[in-house]
Amino acid sequence: MGAVSTVRSMNDVRKAAMRELPERETRGFSESASGGMRGQSESLAQIGGVLFNQQVSTRYWHLAVSAPTAAAACAPGQFFYLRCGDDGEPLLRRPMSVYQIHRERGELHFLYAVKGVGTTRLAQLRTGDSLDMVGPLGHGFTLHPDWRGVLLVARGVGLATLGPVAAAANRMGIRVTAVLSAQTERDVLSESYMRSCGACTLVVTDDAGTSGVAAMRELVANILASEPIDALFTCGSQRLTALLQEMAAERGLPGQAALEEPMGCGLGVCYCCVRPFARKEGIEQLRVCRDGPVFPLAEVITR
Amino acid sequence: MDMRVAVGGLMLQNPVMPASGTFGEEMAQVIDLNALGALVTKSVTPLPRMGNRSPRVAETMAGMLNSVGIQGKGITAFVRDTVPFYREFQSPLVVSVSADTADEFADLASSATVPGVAALEVNISCPNLEDDGRSYAMDPVQTRRVLEKVRAATRLPLWAKLTPNTGALTEVAQAAEAAGADALVVANTILAMAIDVETRKPKIGNVMGGLSGPAIKPIIVRMVYQTARAVRIPIIGCGGIASGNDALEYLLAGASAVQVGTYNFVQPTAMLTIIAEMEAYATRHGVTRIADLIGAAQQM
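Residue numbers (this note's numbering), protein chains in the order written: chain A, 1 to 303; chain B, 1 to 300.
Structure, rendered in structure tokens:
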């Protein structure tokens with residue numbers, strides 16, 4: 001890892017990335033907000049057309065929506081706030097990160113596990129139905145054009161969130177290595193998409209006994225020792241987040257983590273999705289919907 | 001169609017505004033703030049507050065529980081950063097204020113009395129602030145004491161936000177009126193609780209929270225009806241409004257205006273739809289002034 005001679009703070013990286021990235025990579029909702037809060041009315045609240053909504057394994061569903069404006073505006077790591085039922089059940093929307101962004105086709109794809117009333121209702125959508133969506137919302141991932149390689153480590157439904165990172169990194173010529181963790185092999189649904197984006201993927205599962213912390217530590221250490229990795233990305237597991245924080249800190253590597261939290265408004269006004277973060281200035285209570293959902297890895301306080 | 005209503009020292013272009021805590025600058029990205037009757041901020045406190053531990057929100061049948069704990073940057077940052085943002089909009093700015101003691105309430109009201117602020121909503125009802133969810137507005141004597149101090153500290157119109165968590169609602173309303181309140185907001189959230197049976201723990205980090213959303217509407221409509229008979233100052237109805245008909249129910253019960261809260265989360269454009277639906281109702285029923293509907297369901 002000698003090639004990474006200086007460790008940039010995430011803010012520096014973010015600023016640098018915003019300056020240097022092609023425009024399409026930086027058009028996050030929060031970033032454009034600094035340019036002016038008005039004039040974008042109607043663009044956040046929109047109706048998408050369901051292209052397909054298929055069960056792809058015992059637990060997971062793949063939803064594809066035609067939403068050209070939203071797809072054009074969406075950056076990796078941003079999320080949409082989806083209305084799952086229009087009869088008041090469930091009352092609140094569900095936040096869902098984007099699995100695939102296809103700007104050229106005007107499509108957004110979501111990958112979700114059916115867990116509660118919201119995702120059960122979502123699974124009832126059929127081709128041709130409309131989907132009431134607000135977004136793209138929040139701060140997404142940042143990729144630095146100077147990076148040679150990035151390591152993605154995700155588990156379960158968190159695998160979906162890192163899909164667009166693999167795609168964006170590939171477009172920028174950054175090599176992607178991805179460690180995909182799940183209960184069973186069948187749940188590792190984003191592997192083929194990650195591979196199609198040029199990622200080198202490694203699958204670990206509870207079934208095979210390869211997903212434990214000790215095994216993961218060894219695997220990640222080997223990758224970091226053998227490949228030029230300049231940043232770590234993670235989503236979906238507090239345990240993995242804690243492990244990566246430790247390994248990134250030891251090696252002076254920057255990282256980013258996407259978090260999930262129950263939300264009220266999704267827009268940043270209600271402060272329902274707040275969690276504590278360890279920042280330079282001390283502990284700060286930040287909104288996952290607006291200040292995140294992607295945060296510097298080192299600032300996340302795992303629980 | 002004349003949608004104007006007079007509320008607590010202000011003439012509003014229409015009766016629809018957001019409920020405190022469900023609205024902020026970020027909403028300008030989703031709706032035209034100039035279309036609203038008024039803009040109501042999240043409660044501002046004397047000093048910055050960290051807020052309560054997570055989880056702060058839990059969904060219930062047709063409602064939600066929250067216990068945010070008024071996280072915010074405090075009045076100094078509010079006057080410096082937030083008030084100027086809203087000065088660019090025509091809709092009157094109503095600043096919700098919340099403090100822990102009557103003297104702090106008075107100081108806060110004084111600090112919030114700056115150009116660009118049209119009225120103060122005095123949040124004497126937040127159920128999360130005090131032990132066991134108690135608040136000023138549960139008691140007529142406490143209500144009168146705190147509002148008299150606030151009244152003496154500012155010349156702005158005062159709206160007192162009442163709590164439904166009291167057996168003395170009409171007495172509290174009369175105490176607020178006697179202390180000089182210009183309008184009453186009826187009401188804040190209902191103190192409630194939900195438990196996760198799998199973990200056997202409360203779903204909210206703070207154990208109890210405030211229930212809002214469509215589930216509470218019939219209760220608050222009843223409270224507006226009762227309060228309207230007990231006082232002469234205008235009432236702003238707040239509780240579970242999701243449609244134009246819901247808002248009209250509140251007007252018919254005796255409210256002069258309404259606040260939309262939880263439904264802003266469900267549909268960020270809800271307030272605009274509600275205004276349009278109220279206008280369509282008035283047209284359909286040959287009502288030329290929406291204010292003519294206020295209290296029309298009151299039985300003499």
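Glycine included, each C-beta is placed from N, C-alpha and C at the ideal position.
#1: Using a beta-carbon distance cut-off of less than 8 Å, what residues from the segment 200 to 230 of chain B approach chain A?
#2: With DSSP collapsed to three states, give me the class of F141 of chain A.
#3: Taking only beta-carbon atoms, is T22 of chain B less than 9 Å away from chain A?
#4: 9 Å is my cut-off, CB to CB: does Q90 of chain B come that close to chain A?
#5: Can you list, in chain order, the residues of its chain with a C-beta nearer than 7 Å to that of V40 of chain B? Leave out the 5 residues immediately preceding and following it.
#6: G138 of chain A touches chain B at which residues, Cβ-Cβ below 7 Å?
#7: Between B:V224, B:Q29, B:V186 and B:G167, which lies nearest to L44 of chain A when the distance is taken from Cα to Cα?
#8: Would you report the Cα separation of L152 of chain A and N66 of chain B, rounded to the nearest angstrom?
#9: Going by DSSP, name the residue or residues bridged to D107 of chain B.
#10: So, at 6 Å on beta carbons, what are the nonlocal neighbours of S32 of chain A in its own chain, with the 5 sequence-adjacent residues on each side left out?
#11: Who are the neighbours of A62 of chain B on chain A, taking C-beta pairs under 7 Å?
#12: Around the Cβ of P228 of chain A, are there at least 16 other Cβ atoms within 10 angstroms (buried) or fewer (exposed)?
#13: So, with DSSP's three-state summary, where would you put F29 of chain A?
#14: Determine the chain B residues that contact A45 of chain A at a beta-carbon separation under 7 Å, and present them in chain order.
#15: With Y307 of chain B as the anchor, note down where its alpha helix (DSSP H) starts and where it stops.
#16: List the residues of chain A whose Cβ lies closer than 7 Å to the Cβ of M50 of chain B, in chain order.
#17: If you draw a straight line from the alpha carbon of T143 of chain B to that of D132 of chain A, how long is it in whole angstroms?
#18: Could you check how far apart the C-beta atoms of R186 of chain A and G236 of chain A are, in whole angstroms? I think they sit under 8 Å.
#19: Does T189 of chain B come within less than 9 Å of chain A when only Cβ atoms are used?
#20: Restricting to runs no shorter than 4 residues, where is the alpha helix (DSSP H) found entirely within the segment 134 to 204 of chain A?
#21: Per DSSP, S226 of chain A forms a beta bridge with which residues?
#22: Mapping the DSSP letters down to three states, classify M96 of chain A as helix, strand or coil.
#23: Report the neighbours of G49 of chain A on chain B: residues whose CB is nearer than 9 Å to its CB, in chain order.
#24: Would E198 of chain B pass as a contact of P90 of chain A if the rule is Cβ separation under 9 Å?
#25: Taking 8 Å as the threshold, find out whether the segment 166 to 184 of chain A comes into contact with the segment 195 to 202 of chain A through three or more Cβ pairs.
#26: Against R279 of chain A, what residues of chain B qualify as contacts under a CB-to-CB distance less than 8 Å, listed in chain order?
#27: Can you tell me where the alpha helix (DSSP H) with V83 of chain B in it begins and where it stops?
#28: Under 9 Å, Cβ to Cβ, is there at least one residue of chain B near R83 of chain A?
#29: Is the CB-CB distance between L252 of chain B and L211 of chain B below 9 Å?
#30: What residues in the segment 114 to 135 of chain A bring their beta carbon closer than 7 Å to a beta carbon of chain B?
#31: Could you tell me whether any Cβ in chain B is nearer than 9 Å to the Cβ of A16 of chain A?
#32: Does any CB atom of chain A fall closer than 9 Å to the CB of K42 of chain B?
#33: Going along chain A, which residues have a C-beta under 8 Å from V68 of chain B?
#34: Report yes if the CB atom of N34 of chain B is closer than 9 Å to the CB atom of I290 of chain B, and no otherwise.
#35: Check whether the segment 250 to 261 of chain A and the segment 174 to 182 of chain A touch, using three or more Cβ-Cβ pairs below 8 Å as the test.
#36: Strictly under 9 Å for the Cβ-Cβ distance: is P262 of chain A near chain B by that measure?
Looking at the coordinates:
#1: Residues passing the 8 Å Cβ filter: G213 and P214.
#2: Within the first sequence, the letter at position 141 stands for residue 141 of chain A. Looking at F141 of chain A - three-state DSSP - the assignment turns out to be coil, as it is neither helix nor strand.
#3: To locate residue 22 of chain B, count along the second sequence from 1; it is residue 22. Yes, T22 of chain B counts as interfacial toward chain A.
#4: Here residue 90 of chain B corresponds to residue number 90 of the second sequence, with the count starting at 1. With 9 Å as the cut-off, Q90 of chain B does not count as an interface residue toward chain A.
#5: Taking the second sequence and counting its residues from 1, the one referred to as residue 40 of chain B is at position 40. Around V40 of chain B: M17, P18, A19, S20, F23, V94, S96, E121 and Q259.
#6: Counting from 1 along the first sequence, the entry for residue 138 of chain A is found at position 138. Those within 7 Å of G138 of chain A in chain B number zero; the least Cβ separation is about 11 Å.
#7: Locating residue 44 of chain A in the first sequence gives position 44, counting from the first residue. Cα-wise, what sits closest to L44 of chain A is B:Q29.
#8: Taking the first sequence and counting its residues from 1, one reaches residue 152 of chain A at position 152. Taking the second sequence and counting its residues from 1, one reaches residue 66 of chain B at position 66. Rounded to the nearest angstrom, the two C-alpha atoms are 35 Å apart.
#9: Here the question's residue 107 of chain B lines up with position 107 in the second sequence. None, per the DSSP bridge assignment.
#10: As a working note, residue 32 of chain A is residue 32 in the first sequence. Model confidence at S32 of chain A stands at a pLDDT of 32, short of 50, so the residue's coordinates are unreliable; what they give is reported in the following sentence. Contacts found: none.
#11: Locating residue 62 of chain B in the second sequence gives position 62, where the first residue counts as 1. In chain order: G88 and L91.
#12: Walking along the first sequence from the start, residue 228 of chain A turns up at place 228. Exposed: under 16 other Cβ atoms inside 10 Å.
#13: Looking up residue 29 of chain A in the first sequence gives position 29. The pLDDT assigned to F29 of chain A is 32, lower than 50, so where the model puts this residue is not dependable, and the model offers no usable value.
#14: Residue mapping note: residue 45 of chain A aligns to position 45 of the first sequence, counting from 1. The contacting residues are V30, P268 and T269.
#15: With chain B represented from 1 up to 300, any question about residue 307 of chain B goes unanswered, as that position is not in the structure.
#16: As a working note, residue 50 of chain B is residue 50 in the second sequence. Within 7 Å Cβ-Cβ: Q285.
#17: In the second sequence, residue 143 of chain B corresponds to position 143, counting from 1. In the first sequence, residue 132 of chain A corresponds to position 132, counting from 1. So the two alpha carbons sit approximately 43 Å from each other.
#18: As a working note, residue 186 of chain A is residue 186 in the first sequence. As a working note, residue 236 of chain A is residue 236 in the first sequence. A Cβ-Cβ separation of about 17 Å leaves R186 of chain A out of contact with G236 of chain A under the 8 Å criterion.
#19: For the purposes of this step, residue 189 of chain B is taken as the residue at position 189 of the second sequence. Closer than 9 Å: no.
#20: Scanning the segment 134 to 204 of chain A from its first residue to its last, the whole alpha helix (DSSP H) runs of 4-plus residues come out as 158 to 161, 163 to 171 and 191 to 196.
#21: Numbered from its first residue, the first sequence carries residue 226 of chain A at position 226. Note: S226 of chain A sits in no beta bridge, so no partner.
#22: Reading the first sequence from its first residue, position 96 is the one you call residue 96 of chain A. It is a strand residue.
#23: Reading the first sequence from its first residue, position 49 is the one you call residue 49 of chain A. Within chain B, no residue comes near G49 of chain A; the closest Cβ sits about 19 Å away, beyond 9 Å.
#24: In the second sequence, counting from the first residue as 1, residue 198 of chain B sits at position 198. In the first sequence, counting from the first residue as 1, residue 90 of chain A sits at position 90. Not in contact: E198 of chain B and P90 of chain A (Cβ atoms no closer than 9 Å).
#25: Flag = yes, the segment 166 to 184 of chain A and the segment 195 to 202 of chain A touch.
#26: Here residue 279 of chain A is taken as the residue at index 279 of the first sequence, counted from 1. Here the premise fails: no neighbours, minimum Cβ distance about 13 Å.
#27: In the second sequence, the residue the question calls residue 83 of chain B occupies position 83. Looking at the DSSP string, the run of the alpha helix (DSSP H) that includes V83 of chain B is V83 to R87.
#28: Looking up residue 83 of chain A in the first sequence gives position 83. Output row for R83 of chain A: interface = yes.
#29: On the second sequence, position 252 is the one that residue 252 of chain B refers to. On the second sequence, position 211 is the one that residue 211 of chain B refers to. No, Cβ-Cβ distance for L252 of chain B and L211 of chain B is not below 9 Å.
#30: From the segment 114 to 135 of chain A, only V134 have a Cβ closer than 7 Å to chain B.
#31: Sequence index remark: in the first sequence, residue 16 of chain A carries index 16 (1-based). Because the pLDDT at A16 of chain A is just 35, under 50, the model does not fix this residue reliably, and the point stays unresolved.
#32: Taking the second sequence and counting its residues from 1, the one referred to as residue 42 of chain B is at position 42. Yes, K42 of chain B lies at the interface with chain A (some Cβ there is under 9 Å from its Cβ).
#33: Position 68 of the second sequence, counted from the start, is the residue given in the question as residue 68 of chain B. By Cβ distance, chain A contributes C270, Y271, C272 and V274.
#34: For the purposes of this step, residue 34 of chain B is identified with residue 34 of the second sequence, where counting begins at 1. For the purposes of this step, residue 290 of chain B is identified with residue 290 of the second sequence, where counting begins at 1. Not in contact: N34 of chain B and I290 of chain B (Cβ atoms no closer than 9 Å).
#35: At 8 Å Cβ cutoff, the stretches do not touch.
#36: Sequence index remark: in the first sequence, residue 262 of chain A carries index 262 (1-based). So yes, P262 of chain A belongs to the interface.
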